[in-house]
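In full-length UniProt numbering, the protein residues as written are 1 to 358.
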């Protein structure tokens, strides 16, 4: 602990201690992710991901987790954390502000902005008594790890810390009824037998969605063997001129994530095909026809066509991002396909959804 919470070199000292011990019991460091460790013994693969002094242990059965934890506990005392335990503690801390439960963390009919104010003096007094910043920080810790369903709403609330109203307490009421929710990493049925997995990224963007800055919102989720392994919900760093540009920015982030997702090869798996990025495309209403491509599916919107054209129109590009996406698409490092709105799973990162779609 002295090494971990000491001077500037503390993180380096802790990492050296941890990695040396894990290597002594048969683990090897990953090349593309230095805080990831892997060990394969008797056709059983063990994974450990380190985040400061927190360790995520991934093995096939609970019994193997217990055996591995016993080995780690001999080096340094360990305490189980767990999502549900932490969620219960958060709810106990803010139980006074939960009067009833709701089905969604946000209201699709309410547009939040920095100009939002409490509707009455009584509501203003209530909001002043709520430790709002602590509440946002507590739930954000869960959101980053295992609660992507709350990403958009926590991000929105984080931007309005100085101008709070009762609508920003809504996600706490939703969280109170879903404290046992989390990510299910079960994979597809054939991943363990074939060591092959499909990697898919779904992206979504909303043009000029911010009422205060007119910046666009974007988000994506990466699925490996039908399980979510990474996600993003954020506001663009610049104002763009069209929906196409907004979608290209998100698409570029997706492409970078897919390139990094090749880490799965180092984990012992290979992808079955070129990475596929599904994107909800609404930049143009008419579609274009490209014969003999994408396994017989020849109807695409104009946006999909842009990634395949040899020339991009000057008014339809976010110059560097557009050309980068197009180049990697031509190299067949991934393919771009249209996804119907009803099937899109990434819209939850950019807009507030109603109960039926949520």
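Yeah, the Cβ is synthetic: ideal placement off N, Cα and C, and Gly gets one too.
Since we're looking at a predicted model, the values are computed, not measured.
Check: Which class does residue 223 belong to by DSSP, given the choice of helix, strand or coil?; Outcome: strand
Check: Just to confirm, is the Cβ distance from residue 49 to residue 36 under 7 Å?; Outcome: yes
Check: Buried or exposed for residue 357, please, with buried defined as at least 16 other CB atoms from any protein chain shown within 10 angstroms of its CB.; Outcome: exposed
Check: By DSSP, does residue 217 sit in helix, in strand, or in coil?; Outcome: strand
Check: Using 7 Å as the threshold, is the C-beta distance between residue 337 and residue 204 below it?; Outcome: no
Check: Considering only the alpha carbon of each residue, which of 17, 261, 68, 252 lies closest to residue 326?; Outcome: 252
Check: Let me check one thing: in DSSP terms, what residues is residue 175 bridge-paired to?; Outcome: In DSSP, residue 175 forms no bridge with anything.
Check: How is the beta strand (DSSP E) around residue 36 delimited, first residue to last?; Outcome: 36-41
Check: Expressed to the nearest angstrom, what Euclidean distance is found between the alpha-carbon atoms of residue 85 and residue 180?; Outcome: 9 Å
Check: For residue 229, which option in 258, 242, 212 has the closest C-alpha, if you only look at C-alpha atoms?; Outcome: 258
Check: If residue 231 sits next to residue 349, beta carbons under 8 Å apart, how far is it from one beta carbon to the other, in whole angstroms?; Outcome: 7 Å
Check: Since residue 200 is in the beta strand (DSSP E), which residue starts that stretch and which ends it?; Outcome: 199-206
Check: With burial defined as no fewer than 16 other Cβ atoms inside 10 Å of the residue's Cβ, what is the status of residue 245: buried or exposed?; Outcome: buried
Check: Considering only the beta carbon of each residue, do residue 249 and residue 335 sit closer than 7 Å?; Outcome: no
Check: Which same chain residues, not among the five before or five after residue 9, have their C-beta less than 8 Å away from its C-beta?; Outcome: none
Check: Starting from residue 335, trace the beta strand (DSSP E) both ways and give me its first and last residue.; Outcome: 334-338
Check: With 16 as the cutoff for other CB atoms within 10 Å, does residue 104 come out buried or exposed?; Outcome: buried
Check: Opposite residue 54 in the DSSP bridges: which residues?; Outcome: 51
Check: Residues in the same chain with beta-carbon distance under 8 Å from residue 141, minus the five sequence neighbours each way, listed in chain order, please.; Outcome: 86
Check: Is the stretch 62-82 in contact with the stretch 139-157, if contact means three or more CB pairs nearer than 8 Å?; Outcome: no
Check: With a cut-off of 8 Å on the beta carbons, I'd call residue 212 and residue 114 a contact; round off their distance for me.; Outcome: 5 Å
Check: Report the partner residues of residue 111 according to the DSSP bridge assignment.; Outcome: Its beta-bridge partners do not exist; DSSP assigns none.
Check: Determine whether the beta carbon atoms of residue 25 and residue 76 lie at a separation below 7 Å.; Outcome: no
Check: Do you know offhand how far residue 151's Cα is from residue 269's?; Outcome: 29 Å
Check: Using the beta-carbon count (16 or more within 10 Å), is residue 343 buried or exposed?; Outcome: exposed
Check: Please work out which residues of its chain come closer than 8 Å, Cβ to Cβ, to residue 324, disregarding the five sequence neighbours upstream and downstream, and give them in chain order.; Outcome: 252, 255
Check: Give me the Cα-Cα distance between residue 221 and residue 198, rounded to the nearest whole angstrom.; Outcome: 14 Å
Check: Quick one: using the 10 Å Cβ neighbour count with 16 as the cut-off for buried, is residue 155 buried or exposed?; Outcome: buried
Check: Does residue 46 come out as helix, strand or coil in the three-state DSSP assignment?; Outcome: strand
Check: Can you give me the C-alpha to C-alpha distance between residue 224 and residue 266, rounded to a whole angstrom?; Outcome: 14 Å
Check: Excluding sequence positions up to five away, which residues of its chain have a Cβ less than 6 Å from the Cβ of residue 237?; Outcome: none
Check: For residue 122 and residue 209, what's the separation of their Cα atoms in angstroms?; Outcome: 30 Å
Check: For residue 184, does the count of other Cβ atoms within 10 angstroms reach 16, so buried, or fall short, so exposed?; Outcome: exposed
Check: Closest by CA to residue 264, which one among 242, 332, 200?; Outcome: 200
Check: Taking the straight line between their C-alpha atoms, what separation do you get for residue 63 and residue 46?; Outcome: 12 Å
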